[in-house]
Amino acid sequence: MSGDAHPNESNQHAGHDGDHAGGHGDGHGHSPYQAHHFDTMKQQFEAGKLGMWLFLATEVLLFGGLFCFYTVTKSNDPELFKWGHHFLDKRWGATNTMVLLFSSLTMALAVREAQLGRKNRILFYLAVTFLCGAGFMGIKYIEYSKKFHEGLFPGAYFVYENVIDSEEARIHEQEEAQLAHADLDLPVASVVTEVPKARGLVLQPATPPTGLSSSAQELEHGEETAGGHEADEGGHAPGLAIAPSHLPPGPRPANAHVFFSIYFCLTGLHGIHVLIGMGVMVWLAALAMQGRFGPGYFTPVDLGGLYWHLVDLIWIYLFPLLYLVE
Amino acid sequence: MSQPEMDAQSDSQAPTAPTVAVPVEAIGPSYLTITKTFTSWALTLDHKRIGVMYLIGVLIMFLIGGVFALLVRTELFSPLALITPLFADTIEAQADMYNKWFTTHGAIMVFLVIIPGVPAALGNFVLPLLLGAKDVAFPKLNLGSFYLWVTGAGFFLYVLFTGGLDTGWTFYTPYSAESGTAVIPALMGVFILGFSSIFTGLNFIVTIHKMRPPGMTWFKMPLFLWATYATAVMQVLATPVIGITVLLLILERTLGIGIFDPRNGGDPVLFQHFFWFYSHPAVYIMIVPPMGIVSELIAVHSHKRIFGYTYIAFSSVAIAIFSFLVWGHHMFTSGQSTTMNIIFSGITFSVGLPSAIKIFNWIATMYKGAISLNTAMLYGISFIFLFTIGGLTGLFLAVLSIDTHLHDTYFVVAHFHYVMMGSGLIAFIGGLHHWWPKMTGKMFSEYWGRIACGLVFVGFNLTFIPQFVMGSLGMPRRYYTYADKFEGYHQLSTLGSYVMAAGFFLTAYYLIQSLVSGKKAPANPWGGNSLEWHTTSPPPLLNFYEVPDATDPYDFENLEYDPVTENYETTKVG
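Chains as they are written, first to last, in the numbering used here: chain H, 1 to 326; chain W, 1001 to 1574.
Dropping the structure here:
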């Protein structure tokens, strides 16, 4: 017995040009990576693969609870999402989508190189995949920190007033400190209730001082002409600047904080998975450094790849559901 | 054919021609004695040792959960505050003490005893043996599952020693979002135990798919494997949902994310949907593996081929499928739409079909069988009796109009105790007796075993039949006091719980005694023909001295009792 060291047929061809260092070859003796309780490498590989698919099923169901949260909230309150998505920057979201899609490609190439046993190329592609993950998290960091600055926290910590404050602060600087502190202290609730239909409602206090009012009109004007994407351009963007596109049309829904709950739950859990995936890349790279992978044994890379693709796939759903929902 | 000594490390392809193993004799040390250090147990990858460690853990938790059950029952002996004043001064604190007791009892019994009991403890030990395999597919993951279980149990013990939990094991919102007790550690415990359960299920699915021995097709598997497989599918597909549910509840408590708590804009009924989407399958996770055990018990101890093998196998799968479609029957009175109620009610009724199929097939198996009334078999018969009551009263509750009356009464309490304890735990204990000689290599006292089984059976019915009556008379569940007219029923119920406890303590006594002074167990004391009886008791580290070939697990024709060795010997090669 003990012959079949090949996980599957296609790798038998690949076996000839591999420079695998593991000492596991074609058809004689045990692979050093075969566990004692498996009869063949093929059985071991198939068991690992089935186990990984089952694990991915549990991951889908884990996220399924959150998608259910999303669906229930959206069907009860569709306006919430039309309002909330203005706070998410489509350009960052799209960039991250491209980054992850590209990383899926490099991950697939890493699996291919592992099957061929080309150590340096495995390491290269794993490194690129890792860097893509890091880039993704970097962009998420930018997005998150902006929201944290604005007070757009999930749930009870949600302070929409900060958006108003920071927006006013920006205008304040822009108008060269014409506004008195009394204006900044206007009660927000009255602003919201008294001018419910105003665009960029928070910019129009009940008795707007001239400076603020004109700047608000400017903003509206800019938004209409430039499609709401004049974000940070125009050289008037201090630290806490909020892009006009962030100020959604229409009044703030009563459960505005729930949108950010959903946003942070979904992207947060996804981000944790990206971080775990990056850890997996490091682990795989460590194994690859030892020259473990070749035509006879590449299971860890294959399974790590499956995991990484699932993480990508979840983002593919998150991007339109959160950023492009309108 | 003699039994050649095998180098355990070298595999050999089993011959394809069917052979029947001859009397098995130990050649080397057993899995229990091969190494003796603490780390050789704590870091073992051997499924048998992991199973034994699970078993010890589960039984300890069973003791703790049982003590809380006795506290609850003792308090309810009288409508007056009876023993809570020992722990709290004001009436409010006493009432809350009672709430903590029944919550602790429920949470420990569900999450730490019944769910892991059969699959993780007995299943871990038996499953690879039934497959003739050396181990489960992922031994390290298996050990990881065990330590996740230990961690989860640690969280529950932490909750216990920091003032307890008073939300009920169901953690219903909005109360669980505002209760001052240690809800978050308890939820963390549930989350971690969930992953323990998932990894066990995942391991079993892969093991059954990929590691069956030559010749064992799906329909030649012992029925316990079918039950374990169906359970594993439920574990893998349902448990992640409770994982995310408890995470969301933790976030609701800490951040107020507005999903389950109406004060934050959430929906408490959504929590019930999330919770029962897991917890209804979980109920079947608790009952299907015991059904698998009973299939083995009834066939082996009746010495007769199981009747309706295919039907029993498929009924396990059918229960697994139905399990995902009936969660709404927990919310008939929660404001669910009438249409939903009718649909869930209808599907709930259909669960009765596969359950009844099993019952009828077990009875048909016993018909004209050569029944040995061993302790294990007595538990098997008890299961059939108690599960029939538990299952049929479930149909009462599936009727919308009747459920409106019975919802949240002791009728429901009695119903799910008949299913989860009277069936699930009884079969677990039956399976424990069935495989005890295989696990420990020792025979226990059948005399005391039968007496203990009788005590448990009588005590159980005495405890819960009065609860059916008072439930239908309107006694609501989860109250520390009650109207005077229920006093007699409660007193009967409390007495029953003491009788049952006496039975369990007696069981603990003679099982522990068997470890000390029990007779040495033969390889096949009951006359089973599935593969675990074709190795020594206890088995060697790698389970078999010779890679076994698939046997027909329900062919008892060739087994003959040898009164000298008290073993069932294979008489002829078939």
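Quick reminder that beta carbons are idealized off the backbone N, C-alpha and C, glycines included. Owing to the predicted nature of the structure, the values given are computational and were not obtained by experimental measurement.
Taking all protein chains shown into account, decide if T1231 of chain W is buried (16 or more other Cβ within 10 angstroms of its Cβ) or exposed. On the second sequence, residue 1231 of chain W is found 231 positions in, with the first residue counted as 1. Buried, by the Cβ-count rule.
For W1478 of chain W, count neighbouring Cβ atoms within 10 angstroms of its own Cβ and tell me buried if that reaches 16, exposed if not. Locating residue 1478 of chain W in the second sequence gives position 478, counting from the first residue. Going by the sequence as given, residue 1478 of chain W is Arg instead of Trp. The residue in question, R1478 of chain W, is exposed, as its Cβ has fewer than 16 Cβ neighbours within 10 Å.
At the level of alpha carbons, what is the spacing between A57 of chain H and L88 of chain H? Residue mapping note: residue 57 of chain H aligns to position 57 of the first sequence, counting from 1. Residue mapping note: residue 88 of chain H aligns to position 88 of the first sequence, counting from 1. Those two C-alpha atoms are separated by around 29 Å.
Taking 7 Å as the CB-CB limit, is A1137 of chain W close to chain C? No chain C appears in this structure, whose protein chains are H and W.
Quick one: grab the DSSP three-state call for T1173 of chain W. In the second sequence, residue 1173 of chain W corresponds to position 173, counting from 1. In this structure, T1173 of chain W counts as coil in the three-state DSSP scheme.
Name the chain W residues that come within less than 9 Å of V258 of chain H, Cβ to Cβ? As a first step, residue 258 of chain H must be located in the first sequence, where it is residue number 258. Result: I1257, G1258, I1259, N1264, G1265, G1266.
Report the residues of the segment 1192–1206 of chain W with a CB closer than 7 Å to any CB of chain H, ordered along the chain. I1198, L1202, I1205, V1206
Three or more C-beta pairs closer than 8 Å, one from the segment 31–43 of chain H and one from the segment 278–290 of chain H: is that the case here? no
Rounded to whole angstroms, what's the CA-CA distance from W1448 of chain W to L1386 of chain W? Just pull it up for me. In the second sequence, the residue the question calls residue 1448 of chain W occupies position 448. In the second sequence, the residue the question calls residue 1386 of chain W occupies position 386. Their Cα atoms are separated by approximately 22 Å.
Please confirm if E79 of chain H has its CB atom under 7 Å from at least one CB of chain W. Here residue 79 of chain H refers to the residue found at position 79 of the first sequence. Taking Cβ atoms only, chain W never reaches closer than 7 Å to E79 of chain H, which makes this a no.
Hey, how far is the Cα of N1361 of chain W from the Cα of V1058 of chain W? Your numbering for residue 1361 of chain W matches position 361 in the second sequence. Your numbering for residue 1058 of chain W matches position 58 in the second sequence. When rounded, the distance between both Cα atoms is 30 Å.
From this set, W:K1134, W:S1517, W:Y1418, W:A1186, which residue's C-alpha is nearest A1153 of chain W's C-alpha? Reading the second sequence from its first residue, position 153 is the one you call residue 1153 of chain W. Of W:K1134, W:S1517, W:Y1418, W:A1186, the residue nearest in Cα terms is W:A1186.
What are the residues that DSSP puts in a beta bridge with N1567 of chain W? Taking the first residue of the second sequence as 1, we reach residue 1567 of chain W at position 567. BP columns for N1567 of chain W point to W:D1562.
For a contact defined as C-beta to C-beta under 7 Å, what are the partners of P1240 of chain W on chain H? The sequence position of residue 1240 of chain W within the second sequence is 240, counting from 1. Near P1240 of chain W (Cβ distances below 7 Å), the residues of chain H are T58, L61, L62.
Could you please tell me which residues of the segment 1266–1293 of chain W, in chain order, have their CB closer than 9 Å to any CB of chain H? G1266, D1267, L1270, H1273, F1274, F1277
Compute the Euclidean distance between the alpha carbons of T1228 of chain W and N1264 of chain W, then round it to the nearest angstrom. In the second sequence, counting from the first residue as 1, residue 1228 of chain W sits at position 228. In the second sequence, counting from the first residue as 1, residue 1264 of chain W sits at position 264. Their Cα atoms are separated by approximately 41 Å.
Whole runs of the alpha helix (DSSP H) within the segment 240–311 of chain H, excluding any shorter than 4 residues: 256–289
Element boundaries [alpha helix (DSSP H), containing F1271 of chain W]: Taking the second sequence and counting its residues from 1, the one referred to as residue 1271 of chain W is at position 271. 1268–1302 is the span of the alpha helix (DSSP H), which, as asked, contains F1271 of chain W.
Quick check on DSSP: helix, strand or coil for P1540 of chain W? The residue given as residue 1540 of chain W occupies position 540 in the second sequence. P1540 of chain W: strand per DSSP, three-state reduction.
Could you name the residues of the segment 148–164 of chain H whose beta carbon sits closer than 8 Å to any beta carbon of chain W, in the order they occur along the chain? F153, P154, G155, A156, Y157
Taking only beta-carbon positions, decide if A189 of chain H is within less than 7 Å of chain W. Along the first sequence, one-based indexing puts residue 189 of chain H at 189. For A189 of chain H, the predicted model reports a pLDDT of 44, less than 50, meaning its position is unreliable; a value from the coordinates is still stated below. So no, A189 of chain H is outside the interface.
Please decide whether G1243 of chain W counts as near chain H, where near means a Cβ-Cβ distance under 7 Å. Here the question's residue 1243 of chain W lines up with position 243 in the second sequence. Cβ-Cβ to chain H under 7 Å: yes for G1243 of chain W.
Would H1209 of chain W pass as an interface residue toward chain H - the criterion being a Cβ-Cβ separation below 7 Å? The residue you call residue 1209 of chain W lines up with position 209 of the second sequence. By this cut-off, H1209 of chain W is an interface position.
Output, in sequence order along the chain, the residues in the segment 34–53 of chain H whose CB is closer than 7 Å to any CB in chain W. H36, H37, D39, Q43, E46, A47, L50, G51
Consult DSSP for S1179 of chain W and reduce its assignment to one of helix, strand or coil. By 1-based counting over the second sequence, the position of residue 1179 of chain W is 179. In this structure, S1179 of chain W counts as coil in the three-state DSSP scheme.
Sort W:G1459, W:E1487, W:P1522 by Cα distance to F1505 of chain W and report the nearest one. Locating residue 1505 of chain W in the second sequence gives position 505, where the first residue counts as 1. Comparing Cα positions, the closest option is W:G1459.
Which one of W:A1238, W:A1069, W:T1044, W:L1225 has the shortest CA to CA distance from A1107 of chain W? For this step, residue 1107 of chain W is matched to residue 107 along the second sequence. Closest by alpha carbon: W:A1069.
Is there a Cβ from chain W that is less than 7 Å from the Cβ of V128 of chain H? Start at 1 with the first residue of the first sequence, and residue 128 of chain H comes out as number 128. Answer no: the Cβ-Cβ gap between V128 of chain H and chain W never drops below 7 Å.
Contact set between V1236 of chain W and chain H, taken where Cβ atoms lie within less than 8 Å: On the second sequence, residue 1236 of chain W is found 236 positions in, with the first residue counted as 1. Within chain H, the residues near V1236 of chain W are L54, A57, T58.
Measure the C-alpha to C-alpha separation of T1128 of chain W and E46 of chain H and round it to an integer number of angstroms. Position 128 of the second sequence, counted from the first residue, corresponds to residue 1128 of chain W. Position 46 of the first sequence, counted from the first residue, corresponds to residue 46 of chain H. According to the sequence as given, residue 1128 of chain W is Pro; it is not Thr. Each residue's alpha carbon lies about 18 Å from the other.
Identify every residue that forms a DSSP beta bridge with P1476 of chain W. As a working mapping, residue 1476 of chain W is identified with position 476 in the second sequence. DSSP, once it has assigned bridges, lists W:T1409 as partnering P1476 of chain W.
Cβ pair K1442 of chain W, L1515 of chain W closer than 7 Å: The residue given as residue 1442 of chain W occupies position 442 in the second sequence. The residue given as residue 1515 of chain W occupies position 515 in the second sequence. Closer than 7 Å, so yes.
Compare the C-beta of K1048 of chain W against all C-beta atoms of chain H and say whether one is closer than 7 Å. Translated into the one-based positions of the second sequence, residue 1048 of chain W becomes position 48. It does not: the Cβ of K1048 of chain W has no partner Cβ on chain H nearer than 7 Å.
Name the chain H residues whose beta carbon is nearer than 7 Å to that of K1134 of chain W? Start at 1 with the first residue of the second sequence, and residue 1134 of chain W comes out as number 134. Result: H36, H37.
Is it buried or exposed, F136 of chain H, if we count other Cβ atoms within 10 angstroms and call 16 or more buried? Here residue 136 of chain H refers to the residue found at position 136 of the first sequence. Buried: at least 16 other Cβ atoms inside 10 Å.
Where S261 of chain H meets chain W, residues with beta-carbon distance less than 8 Å: Sequence index remark: in the first sequence, residue 261 of chain H carries index 261 (1-based). Going along chain W in sequence order, the residues near S261 of chain H (Cβ under 8 Å) are L1251, L1255, I1257, G1258, I1259.
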